[in-house]
Amino acid sequence: MSHFYERKTYRYPSYALAALAVLMAVSLFYFQWMLGLVGLLGVGFLLYYVIWSQRSLHKELQQYISNLSYRVKKVSEEALMQMPIGILLLDEEDKIEWSNRFLAACFKEQTLIGRSLAELSEPLAAFVKKGKTDEEIIELNGKQLKVIVHRHERLLYFFDVTEHMELRRRYETERLVLAIIFLDNYDEITQGMDDQAKSQMNSLVTSVLNRWANDYGIFLKRTSSDRFIAVLNEHILTQLEKSKFSILDEVREQTAKHQAQITLSIGIGAGVSSLPELGTLAQSSLDLALGRGGDQVAIKQGNGKVKFYGGKTNPMEKRTRVRARVISHALRELIAESDKVLIMGHKYPDMDALGAAIGILKVVQSNQKEGFLVVDAMKTDAGAQRLLEEMKKQADLWARCIKPEQALELITEDTLLIVVDTHRPSLVIEERLLYRADHIVVIDHHRRGEEFIEAPILVYMEPYASSTSELVTELLEYQPKRVKLSMLEATALLAGIVVDTKSFTLRTGSRTFDAASYLRAQGADTVLVQKLLRESVANYVKRAKLIERAAIDEHGIAIAKGDENEVHDQVLIAQTADTLLTLSGVVASFVISKRGDGTVGISARSLGDVNVQVIMERLGGGGHLTNAAAQLSGVTVGEAEQQLREAIHDYFEGGKPV
């Protein structure tokens, strides 16, 4: 600063003015020496004063700068040592070389110098050594600290964010959650009751729910005879999740004592602050829970994640055919508005998928529209392959079968695409058709999963149904024009029902027999059904070998697996699981084997005490409570078995929800 002030460049104007003043004073001597003398003395005095003033100013300025530098240095030192920010320097061996007092005070010690980072905190040492980011929140000695690391300088900054994290936690736990509670079978249960019995049932359900709401601090309001709305927060939701939503069991058990078992479905929206969006999530969750058969809770977050609880009972069979009639009429109108109809099922279609597709084709033809079955004859199971061979004998029916490539060429903006026996985009025969079709109909009997075909214009999903073929048969019955099925068409639908019910032994309701009776009256050949489903000796031997390797644990869970280099088709795997379920002491069976497509397939079966659907969903699969499956990619049979055992352990030990 002093050198800057003393630069001669800044003094030249002063020198010039002084020289000019002296010159003017001297020049006065030529006119009057007295004035010249006075002027010269005045100029001398002024020059002296200016020089003295400059030196005084320079001295004071230096003193000010010196004081300011001292104060800044002192403040910097005090700030470095006393400010509420931790600073840590590490040496090459990750030992503490220096730290300020704030950081030492966090550990209630005088100094941290010489200690290794791992001694202070293993998570902190791991973050500094292998962390993928430069910032992280780490808990140290009861405090939440935001750590910023400069790895090249081996310098760490610590910011106390305990209060901030506590505020964030309080915000998250007190965030609003909306729930819609629906009594699944209230109308069916109460329609035959007198007023007194109905009033008692209402009082029972309401008292159970009100007691539950009071215990957890939930605001509950009944909005209709079978619907409630509940307002709670994230903290209460966490408590409900820990209890696995025991209210489902409580309502079921309490109402069962009155010879009328009522089940609940609860749709919950959480994770967003917008109330309209929260309501949309709650309704969407309820639709998802009902689509999976009811008696369960679906929780949908704003980020799209969904969790399920419950689903321990088989869905109740509906006692009214109103929905089937309404869907049948709506389907007729959609077909009439389209230029053509494409029908496809899932990959490697079984008898149910192919039979349902043939039934829908008949619906299309009865409405004088052109329809096509999308099928890859080279990628079907043995039973479906035999059915295709029978179809080849009927030229009119076989001419309606096209390959996926042909379907992509035929589809237009007015084409109606009907998907049967699946609702998951990744499982359809040709996924590209879903993106090209503007009008999609989904007909399925599986419980709804997270993955779902986007924006269908009509959805007919009934988890209570034994098979998709049963649903399609009912749709045929309610077509306005009387439909006459051929023998092969009726047989295909009946074969689909027989396959999915294991010859009417599983998931069979009264309407299943009604559908079978209708098909038999239409000319279905039961002998041909047996021919289509018969098994080769080689497959029988393979199944026996798989059963021979089965192991049964203390829960009655039977697990059989094939060799690493042994390939079985999905039908054989499923048949083996069915056979294992007939053995004494087995309540659920799982069969693991490599499939022809390179994945590892798992088929799961249950008598109803174990929800195999939940177990399979943990592995990315799905299905029904008593019948489910999953396909795993990039794993060995042994690895698949390990994942399966972990999923089973979580199921029995109360692990994380799906």
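Residue numbers 6 to 663, in the working numbering, belong to the letters of the sequence shown in order.
Each residue gets a CB set at the ideal place from its N, CA and C atoms; glycine is no exception.
Closest by C-alpha distance to residue i, when choosing among the options
i, options, result
"residue 551", "480, 371, 597 and 520", "597"
"residue 464", "616, 489, 331 and 280", "331"
"residue 264", "308, 214, 195 and 234", "195"
"residue 357", "495, 280 and 192", "495"
"residue 231", "142, 503, 208 and 248", "208"
"residue 334", "485, 434 and 252", "485"
"residue 569", "302, 216, 600 and 26", "600"
"residue 328", "187, 219, 482 and 186", "482"
"residue 161", "103, 576 and 41", "103"
"residue 97", "517, 47, 159 and 533", "159"
"residue 227", "365, 251, 145 and 184", "184"
"residue 237", "466, 203, 283 and 536", "283"
"residue 540", "505, 577, 132 and 362", "577"
"residue 315", "254, 625 and 404", "254"
"residue 234", "242, 225 and 241", "225"
"residue 475", "310, 65, 361 and 151", "361"
"residue 553", "588, 572 and 536", "588"
"residue 470", "440, 444, 426 and 173", "426"
"residue 548", "473, 229, 572 and 557", "572"
"residue 366", "385, 394 and 404", "404"
"residue 129", "567, 429, 113 and 149", "149"
"residue 92", "286, 116 and 69", "116"
Close-in-space but distant-in-sequence residues of the same chain around residue i (CB under 6 Å, 5 per side omitted)
i, result
"residue 189", "268, 270 and 299"
"residue 582", "594, 596, 608 and 610"
"residue 336", "none"
"residue 2", "No answer is possible for residue 2: the residues shown for the chain start at 6 and end at 663."
"residue 384", "353"
"residue 202", "none"
"residue 252", "217"
"residue 612", "592"
"residue 112", "146"
"residue 614", "592"
Own chain, CB closer than 7 Å to residue i, minus 5 neighbours either side, in chain order
i, result
"residue 555", "563, 564, 565 and 585"
"residue 487", "none"
"residue 119", "100 and 101"
"residue 287", "183, 184, 185, 272, 273 and 274"
Own chain partners of residue i with C-beta closer than 8 Å, once the 5 adjacent residues on each side are dropped
i, result
"residue 324", "At residue 324, the pLDDT of 45 sits below 50, so the modelled position is not reliable; the number obtained from the coordinates is stated separately. Counting only Cβ-Cβ distances below 8 Å, and skipping sequence neighbours, we find 193."
"residue 278", "180 and 181"
"residue 206", "194, 195, 198, 260, 263, 265 and 267"
"residue 244", "221"
Beta-carbon separation (whole angstroms), residue i vs residue j, contact threshold 8 Å
i, j, result
"residue 121", "residue 134", "Actually they do not touch by this definition, with Cβ atoms about 12 Å apart."
"residue 447", "residue 351", "Not a contact, Cβ separation roughly 12 Å."
"residue 275", "residue 239", "7 Å"
"residue 293", "residue 187", "Residue 293 to residue 187, Cβ: 12 Å. No contact."
"residue 364", "residue 478", "6 Å"
"residue 538", "residue 503", "7 Å"
"residue 50", "residue 41", "At roughly 15 Å, the Cβ-Cβ gap does not stay under 8 Å, so residue 50 and residue 41 are not in contact."
"residue 468", "residue 445", "Actually they are not in contact, since the Cβ atoms of residue 468 and residue 445 sit about 20 Å apart, beyond 8 Å."
"residue 422", "residue 402", "The Cβ separation is near 20 Å, so there is no contact."
"residue 575", "residue 625", "Incorrect: roughly 15 Å between the Cβ atoms, too far for contact."
beta-carbon residue i near the ligand SAH non-hydrogen atom, thresh 6 Å
i, result
"residue 224", "Absent from the structure shown: the ligand SAH. Ligands present: none."
Review point. What are the uninterrupted segments assigned as alpha helix (DSSP H) that are 4 or more residues long and contained completely in the region 507 to 538, given in chain order?
Key: 515 to 526 and 531 to 538
**Study point:** Ordered list of beta strand (DSSP E) runs contained in the region 361 to 433, each at least 3 residues
**Key:** 376 to 379 and 421 to 425
Practice item. Decide yes or no for the touch test of the region 491 to 501 against the region 518 to 534: beta carbon pairs closer than 8 Å, at least 3 of them. Key: yes
Practice item. Please list the segments of the beta strand (DSSP E) lying wholly inside the region 555 to 641, counting only runs of 3 or more residues, in order along the chain. Key: 562 to 566, 593 to 599, 605 to 611 and 632 to 637
Check your understanding: If we count Cβ pairs, one from each stretch, closer than 8 Å, do we get three or more for the region 297 to 316 versus the region 451 to 466?
Key -> yes
Practice item. Tell me, please, whether the region 373 to 389 touches the region 406 to 417 by the rule of three or more beta-carbon pairs shorter than 8 Å. Key: yes
Point to revise | In chain order, each alpha helix (DSSP H) run of at least 4 residues that lies wholly inside the region 194 to 238 | key: 200 to 221
Review point. Taking the runs of the alpha helix (DSSP H) that are 4 residues or longer, which of them lie wholly in the region 257 to 323?
Key: 280 to 296
Point to revise | Sufficient close CB pairs (3 or more, under 8 Å) joining the region 414 to 426 to the region 382 to 395 | key: no
Check your understanding: Does the region 634 to 647 come close enough to the region 538 to 545 to have 3 or more Cβ pairs within less than 8 Å?
Key -> no
**Study point:** beta strand (DSSP E) runs wholly inside the region 145 to 197, at least 3 long, in chain order
**Key:** 148 to 155, 160 to 165 and 181 to 188
Check your understanding: Pairing CB atoms from the region 369 to 376 with CB atoms from the region 343 to 356, are three or more of them under 8 Å?
Key -> yes
Review point. Is there contact between the region 646 to 661 and the region 612 to 630, where contact requires at least three CB pairs shorter than 8 Å?
Key: yes
Review point. Of all the alpha helix (DSSP H) runs that stay within the bounds of the region 105 to 139, which reach a length of 4 or more residues?
Key: 106 to 111, 122 to 125 and 127 to 135
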